[in-house]
Structure formats: C-alpha cells, structure tokens
Amino acid sequence: MTDIAVRLQEAMTIQTGTPVTVRWSFREFALNCTRRDGRPLTQRMHRLFQTLLNREALRELTPGEDPTMGSRATLIEIIDDLAVSADHQGARAAALAEVLLSAGMFHLGDQLRRQSHALSELDADDETLEVIDEARTQIARTILLLDQADTAQAKERR
1 MTDIAVRLQE AMTIQTGTPV TVRWSFREFA LNCTRRDGRP LTQRMHRLFQ
51 TLLNREALRE LTPGEDPTMG SRATLIEIID DLAVSADHQG ARAAALAEVL
101 LSAGMFHLGD QLRRQSHALS ELDADDETLE VIDEARTQIA RTILLLDQAD
151 TAQAKERR
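Residue 158, in full-length UniProt numbering, is where the sequence shown stops; the numbers in between run on with no holes.
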C-alpha cells in the first residue's frame, strides 16, 4: 500500500469514526474502500476521498509544464466541482445561521468560477494549483464544522 493510501485510510477512519480498510492498489482504493463492518462509505465520504485523490493527482503535474487540453479540461472540471461544493456548503451554513461561514463559502465559489474561466483561456500555473488546494482545504474544514453544528443541533432537539 502506498504512503498516500495509508494517509487516506487514516484520515477517513478519523472522519467516519470507524476503522476503514483499504484493499490492494491505490488505484482501486475508491472502489474497494469499506468500513470494517462491511458497509460502504457514505456518499459524503466517497466525495471527500475523491477530493483527496484528485489533490494527489494534481501534485503529479510538473510545475511549469504546459498541460494538454485534456489535463486543462480536467483541472477546469475539478475547479467547477469545487465551486458547486462551496455553494452547497454555503447553503448548508446559511440554513444553520452561520452567516460568516456561508458568505465565505459563496465567495470561494465565485473565486473558483473566475479561476475556471481564466484557466479556460490560459495555461495552468502554480497559482491555479494553489487555489485548488486551498479551496479543497476550506471546503473540507467547512464540511467538518457544519457536520459538528448539525450534530449539536440534533442533540439540542432531543
């Protein structure tokens, strides 16, 4: 098992609260990742894994390399997906009356859409990869904060 697969397994175990098993190759990780009780990961956890996997794939691009249109299209797709995710988390934050967090997520979504448009006209550079990396980090943190807020509200209702 590769080092990144081990790190992903540990991160997902912490996130799910139950041990996560990784079978065989890193390439098959998304398809074969299950909890030890045999249940598949939730859709949210699968999306988190995909985000982490895409992050590692982006690191494989050589800085300064002129990506092919296929690579550029992939980057644009990743940025667009992140923008949608930021908007979704912004809506969740608004529903929980987390105004500052909501505004931050909607602002991030707007920044990502602008970056996507700029990338469609220019080559990818280190700044683009940094924007993607930072956006993923912010969105992942927001997901965790909102999950905690959801849990706290559910406990208060009981």
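Think of the CB as a built atom: it goes at the ideal place given N, C-alpha and C, for glycine as much as any other residue. For clarity, every value in this text was computed on a predicted model and none was experimentally measured.
In the three-state reduction of the DSSP assignment, A83 falls in the helix class, which pools H, G and I.
For A103, the uninterrupted alpha helix (DSSP H) run begins and ends at V99 to E121, by DSSP. Residue environment analysis places S116 among the buried positions, since at least 16 neighbouring C-beta atoms fall within 10 angstroms of its C-beta. For E134, there are no CB contacts under 6 angstroms within the same chain when 5 residues up- and downstream are skipped. Taking all protein chains in view, the Cβ of R158 is surrounded by fewer than 16 other Cβ atoms within 10 Å, so the residue is classified as exposed. Cβ-Cβ distances below 7 angstroms link Q138 to L108 in the same chain, with the five nearest sequence neighbours on each side left out; the list follows chain order. If you draw a 10 Å sphere on the C-beta of L119, you find 16 or more other C-beta atoms in it, and that means buried. With fewer than 16 other beta carbons inside 10 angstroms of its own, L100 counts as exposed.
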